[in-house]
Structure formats: C-alpha cells, structure tokens
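One structure is given here, and the rest of the page talks about it.
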Amino acid sequence: MINIITALQCEARPLIDHYRLRGNAKQSAFRCYQNDELRLVISGIGKLAAATATTYLASSDTQTSSGWLNPGIAGHADHAIGTPLLAHKLIDAASEQQWFPGIVIPAPCASETLTTIDRPEAEYRPGTMIDMEASGFYAAASRFQSCELIHSLKIISDNRHQGTDQITEKNTTALIHDNLSTIDAIIDELQTLAHQQNRIEKAPIESDAFMAQWHFTTYQQNQLRGLLRRWHALNLPAAPDPNNFSQLTTSKAVLKAIKEHLDRQPVHFYEANR
Amino acid sequence: MHRLIYIEEAVADHPRTKAICARFPRATKVYCKHYGEVFNRKGQNFRLQKQNPALILAHKHKNHVLNAPDGYGIGGQRNYYFSHMLNCLYDCRYCFLQGMYRSANYVIFVNYEDFQQAIVDTAREHPDEALWFFSGYDCDSLAYEPVTNFTDEFLPTFSQLPNANLELRTKSLQIRTLLNTEPFDNCIVAYSFTPAALSQALEHGVPSVEKRIEAMVKLQQHGWRLGLRFDPMIYQEGFEKDYQQLFEQLFSRLPAESIHSVSLGTLRTPKAFHQNMVNLYPEEKLFAGRFDEQRGMITYAKELEEQMTHFCYDQLMQYIPQSLFFACTPPE
Chain A
1 MINIITALQC EARPLIDHYR LRGNAKQSAF RCYQNDELRL VISGIGKLAA ATATTYLASS
61 DTQTSSGWLN PGIAGHADHA IGTPLLAHKL IDAASEQQWF PGIVIPAPCA SETLTTIDRP
121 EAEYRPGTMI DMEASGFYAA ASRFQSCELI HSLKIISDNR HQGTDQITEK NTTALIHDNL
181 STIDAIIDEL QTLAHQQNRI EKAPIESDAF MAQWHFTTYQ QNQLRGLLRR WHALNLPAAP
241 DPNNFSQLTT SKAVLKAIKE HLDRQPVHFY EANR
Chain B
1001 MHRLIYIEEA VADHPRTKAI CARFPRATKV YCKHYGEVFN RKGQNFRLQK QNPALILAHK
1061 HKNHVLNAPD GYGIGGQRNY YFSHMLNCLY DCRYCFLQGM YRSANYVIFV NYEDFQQAIV
1121 DTAREHPDEA LWFFSGYDCD SLAYEPVTNF TDEFLPTFSQ LPNANLELRT KSLQIRTLLN
1181 TEPFDNCIVA YSFTPAALSQ ALEHGVPSVE KRIEAMVKLQ QHGWRLGLRF DPMIYQEGFE
1241 KDYQQLFEQL FSRLPAESIH SVSLGTLRTP KAFHQNMVNL YPEEKLFAGR FDEQRGMITY
1301 AKELEEQMTH FCYDQLMQYI PQSLFFACTP PE
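Top line first, the protein sequences correspond to chains A and B.
Counting from 1, one number per residue, gives the positions in the first sequence under our numbering.
Counting from 1001, one number per residue, gives the positions in the second sequence under our numbering.
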C-alpha cells in the first residue's frame, strides 16, 4: 500500500485521475481517495494539517509496511519552474528539527533540501526548497514507518524570477500532471520496497490454523510465528500441520514439540549440489 | 557509486573529505551537524538500506582506540581495536553488524590523525609489552581501500611502533597498496574464510575463496605475514568435508612458513543482535537451525561447538605447528 498526502485538491486531481482513485465516502475528517494499491488524503495547508492527515491515514493502514509519499509544489530561489526534486533533508524552520529520509530507491530525479515554514516569507532561503507541509508529514509518518519508505517529492512552482503570485490552481494541477511519470516511478519503487518488507514480516500461513486449535498468549503467538518461520527457512519436505500435534493439549506443549522437531533437523545450505 | 554523501559540517573542508568526494563527482552532498542524525536513528531498516547504502563522512571525537572484546585476539595480552569506518561493503549473513546497527550506510571518520595519535599514545603507555591493534572489527580493513586509502595512511604509523602489532582483517582483494609497500614484521594481513559453498550462500558480495587465496599468495610472495581466520565456523550437515576441503585448498597454496597465525571461532552473537538479525532475515536458513543461549550470547549447542572446534583443530594441526593456533573463545 502507498499512502499519499497532498495539501490541495488541485495537487491531488492529476493523481486521482491517473490512478483512478475513488472517493471514500466513509471517511469524513478528510477527503480521501483510494484504489486497491493507493490511498490519498487531502490534508489542507500547513504542517499541522499534514501531520493530522498522515496520522489519520496511518491509523487505518492494515499493512505493517507501506510507502508514504508527499507530492506537492514548493518554491526555490534558483531551480526552474516544473523541476521535480526529492527531499534528501527536511527542516522544520520553526523548531529547527531535521530529518534525513533514507533514499535507497533509484530516484528518477535530483534531490534537494526542503524547509517547511509556518507562514509565507518574502525572501527565498538559500539552497533549499520551501513548502508548508513536509515537516508535519514526515514527523508523523516516521512514527509509523522506517525512513526508507517515506518521501517528499516537490515540483518547483515559484522562484526568484516567477514568484508565488503567479501560482494558480490551474498551473499547480499542470505542474503535477507534467511530472506524473516521475511520481509514478517513485510510487513503483516504494511499492516494491513495501512489498518486500511485507513479505518478510508476514505471519506464516499456518499460524491461524495453530491458533484456532490452541490458545496462545500474545508472547506465545510471537514464538509460534518465529518457529513456523524457522520451519519454512529450513525447507523441510512437509509443511507445518497442526494435526501432527493434535495429541498435545496445551499451547506450551505444542511450542516445545515444534522447537524440538526443528532442533533435530539438519541444516543444508546447498541441497542442489549434494 | 553513492548517490548521496552525507557530510558533517565540521569536516566539510577536511582534505580527506574533499578527496573522497572527488571520487564521487555525481553524488549529491548533504550536510548534517552530527553523523548520528543520519546513521543508526530509530526508524531505519538495515536490510532496506543495504540495497543502496549512502556514504557518511564524519569526525570521531573520542574512543579512537578501544579494548577488544574477550576472545578477539591471537595470543596477545593487550588487544585493542579501532574503527576508521563503520559498516562493511560485504553482506555476510552471520555478521553482527547487521544486528548491532539499524543503518547500513557506511560511515568514514576522516580524522585519521586522531586515531593514529591514540595508537601511538597507547603503544607508549606499555613500551615493554607487545600490543595488538585490530582494524577489521566494525568494517573490513581493506574492502573500501580505494576510497579510504586506509592502509596507505596507517601503515607508516605501525611501521614506526615496534611494540604495536596491526592485524588487517579482510576478505578483500584490494591489496595494491600492500603490494606497493615494503612489508614489516608487526603487520599481519589476516583473511577470513568459510568453506566455498557456505561462502556462496552466506557471504554476499565477497570475493570467492579461490580469489582470496590468490590475493594471499601475492601478499606472501611480496613478504607480508599472513593470518587465517575461521571465525565464525559455520555449521551444516557434513561440515567436516567442507572444512577439510577448505583447509586442503588453502594449505596446498600457502606454505606454512608464510602463516603467522590461525584462529578458530564459533558462531556467537549477543542475544539482542541475534534477534535483530532474525527479524531482518526470517527466511534465512543460517538462523533456522538449533541455537542455544550461553552467557548472553546466542551460539550453536555446546556439543556441536566442541565437535566443530575439535574437528577443525585436528585438521589444522596436520598443516601448522600448534604454536600458530589460537582459539577465539570468550572465557567461561
């Protein structure tokens, strides 16, 4: 799953159309759109709104690992209008707090520092993009996800030569629309990473069958998942089957029996060559 | 090729920072106040970062030389380690670094002179004793040599300190500097090995056993003293044959006279690190076998440890005198 936070409806519109997102009428606190792979929330302007919307989305995320993206527009003194830039460092101007997203994806564009300000400023800050949401988004998202899966992608909307007074809803939509291929490439990469992580973190398929047959405490459930993962890692010919332990009456005895079974198994790293 | 280089503001103008950055002209430089802002923060994933590690250039302020852990040594009474770099280019599934750090980014501490001074000071504190300094604890000593220039920078320090022995522990083929340097007695180039099939399965990105042996032969011919490290020994059913073949392969190419020391160590990982490693790689066969807990360390079962150690020891004694052998085992 990829979670997307945009500040404005005009930033979201090209994404809603491109990914064929449907409005989610059940969610009323924010305007939410989704398909099977993506969820998008329009937060409104400002870092507090962005943080709240991010938390709102995270609270209903059922995946252990999801990608998070905050696409939008930003100002920069020097970069040309329409340039897409991934944030490699986020600064909250008010608190001076900094974050460093882990860029492990092969990003399709250059990167830049991004400073989030609380209210519009007359002058551009040197060497940084400027927006009003990213620090709120990142601070909130990083509570739920590791930093490699959280990114802000900004399209330059104004600079020293063409100021904020020329930003309109129409050209904001056009800027996002013109960079859909870049956004798409990042979403693709984040999806790949999130899928990898979810595969790793997924509970073994047999867990439910065991838990239906015996009562495991939360601690024991973790133990059970660990043992079943070991079972799969060993590539044993037979899959774990609760029926093979049906003579045991307690979950403790089942865990002990599985562990003893696994401890007896030989380890081979190269079956094919033996 | 690094896409990003994080640089502590304090070392932005350091000549070594500039030299390293010059090797990556296309990398974007990102400045931070302290490397800890980027490295090993909560909410980082080692496995994800390992796919594309960034480089971090930083200043090490203290603890340039540290006492080596128990069982990490080759017979010396005073053992130290120093780490000009944190993390490794290689991706060995048994390596404790992946359990110790949340970040797989490479940190290079560019203030080599402070490390060198600490080494000199430590050696002078014990002028009548032979000290051992290990450089391959938090990283591979040679693997990043083209970027760090580590041996070129540190060998002169040790060549001037007769009571300070340096062990370069490595799996790398980056031996050009060593081959261009006059060997001296108090430096040992120690290569780590597991049997070839295990290496293929578990040591990702590491040069093959054969290539490492070729590098050792070149070093031996040049006159460097060599070490062999079988630490950790890795178990699989039929390990006897695996290790027997490895020893035959090594000692058929390396004359015993060229060997300074041979050490054996069992797989042992602090419990918390081990759990982190299992969580990162739950599908990994290495962690799926039987492990026991001994004194806060996760190890193979004691009887298996003893079986492996005795077998490998007996095999090694066919090739080397007992005086060259060292067991890397923490005290009971």
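We treat Cβ as the ideally placed atom computed from N, Cα and C, and that holds for glycine.
Computed from a predicted model, the values in this text were never measured in an experiment.
- Residues of chain B whose Cβ lies closer than 7 Å to the Cβ of residue 263 (chain A) are, in chain order, 1290.
- Closer than 7 Å at the C-beta level to chain A, one finds no residue of the segment 1080 to 1106 of chain B.
- With 16 or more other Cβ atoms from the protein chains shown falling within 10 Å of its own Cβ, residue 1172 (chain B) counts as buried.
- Neighbours of residue 1236 (chain B) across chain A, judged by C-beta separation under 9 Å: 266, 267, 268, 269, 270.
- Listed by position along chain B, the residues whose Cβ is nearer than 7 Å to that of residue 230 (chain A) are 1288.
- For residue 1032 (chain B), the closest C-alpha among the options A:81, A:97, A:74 is that of A:97.
- Judged by DSSP secondary structure, residue 199 (chain A) falls within the alpha helix (DSSP H) whose first and last residues are 180 to 201.
- Only buried fits residue 136 (chain A), as 16 or more other CB atoms lie within 10 angstroms of its CB.
- Put simply, of B:1100, B:1129, B:1068, B:1107 the residue whose alpha carbon is nearest the alpha carbon of residue 1086 (chain B) is B:1107.
- At a cut-off of 8 Å between beta carbons, residue 1285 (chain B) contacts chain A.
- Note that the segment 1069 to 1078 of chain B does not touch the segment 1047 to 1056 of chain B; fewer than 3 beta-carbon pairs, one per stretch, sit closer than 8 Å.
- In the structure shown, the three-state DSSP call for residue 1198 (chain B) is helix.
- Secondary structure of residue 1224 (chain B) (DSSP, three-state): coil.
- In this structure residue 129 (chain A) is in contact with residue 75 (chain A), their Cβ atoms being roughly 7 Å apart against a cut-off of 8 Å.
- Close to chain B, meaning a Cβ-Cβ distance shorter than 9 Å, are the following residues of the segment 100 to 132 of chain A: 100, 102, 103, 104, 105, 106, 107, 110, 111, 112, 113.
- The C-beta of residue 1127 (chain B) has fewer than 16 other C-beta atoms within 10 Å across all chains shown, which makes the residue exposed.
- By the CB criterion at 8 Å, residue 1081 (chain B) and residue 1134 (chain B) fall inside the cutoff.
- Fewer than three pairs of CB atoms, one per stretch, sit closer than 8 Å, so the segment 66 to 82 of chain A makes no contact with the segment 20 to 33 of chain A.
- Within chain B, no residue has its beta carbon less than 8 Å from that of residue 96 (chain A); the closest one is some 10 Å off.
- Setting aside the 5 residues that flank it on each side, residue 178 (chain A) is surrounded in the same chain by 82, each with a C-beta closer than 7 Å to its C-beta; the list follows chain order.
- Setting aside the 5 residues that flank it on each side, residue 254 (chain A) is surrounded in the same chain by 214, 245, 248, each with a C-beta closer than 6 Å to its C-beta; the list follows chain order.
- Around the Cβ of residue 1179 (chain B), a 10 Å sphere holds fewer than 16 other Cβ atoms; the residue is exposed.
- When the beta-carbon positions are compared, residue 111 (chain A) and residue 105 (chain A) stay at least 8 Å from each other.
- Cβ neighbours of residue 1165 (chain B) within its own chain (closer than 6 Å, five residues either side excluded): 1132, 1186.
- Counting every other CB atom within 10 Å of its CB across the protein chains shown gives residue 72 (chain A) a total of 16 or more, marking it as buried.
- Distance from the CA of residue 1265 (chain B) to the CA of residue 150 (chain A), rounded to the nearest whole angstrom, comes to 41 Å.
- Per DSSP, the unbroken beta strand (DSSP E) holding residue 68 (chain A) starts and ends at 67 to 75.
- For residue 229 (chain A), same chain residues with a beta-carbon under 7 Å away, outside a window of 5 residues either side, are 204 in chain order.
- Within the segment 138 to 171 of chain A, those residues whose Cβ lies closer than 7 Å to any Cβ of chain B are, in chain order, 142, 146, 147, 148.
- B:1280 is the residue among B:1320, B:1245, B:1289, B:1280 whose C-alpha sits nearest the C-alpha of residue 1047 (chain B).
- Chain B has a Cβ within less than 8 Å of the Cβ of residue 200 (chain A).
- Annotation for residue 1225 (chain B): 1188, 1260 place their beta carbon closer than 6 Å to its own, counting only its chain and skipping 5 residues before and after.
- Short of 8 Å from the beta carbon of residue 1199 (chain B), and not among the five residues preceding or following it, lie these beta carbons of its own chain, in chain order: 1193, 1206, 1208, 1209.
- Between the C-alpha atoms of residue 1169 (chain B) and residue 1137 (chain B) there is a straight-line separation of about 8 Å.
- Each residue's CA atom was taken as its position, placing residue 1223 (chain B) and residue 1016 (chain B) some 30 Å apart.
- Taking the C-beta atoms as reference points, residue 1316 (chain B) is found nearer than 8 Å to residue 1247 (chain B).
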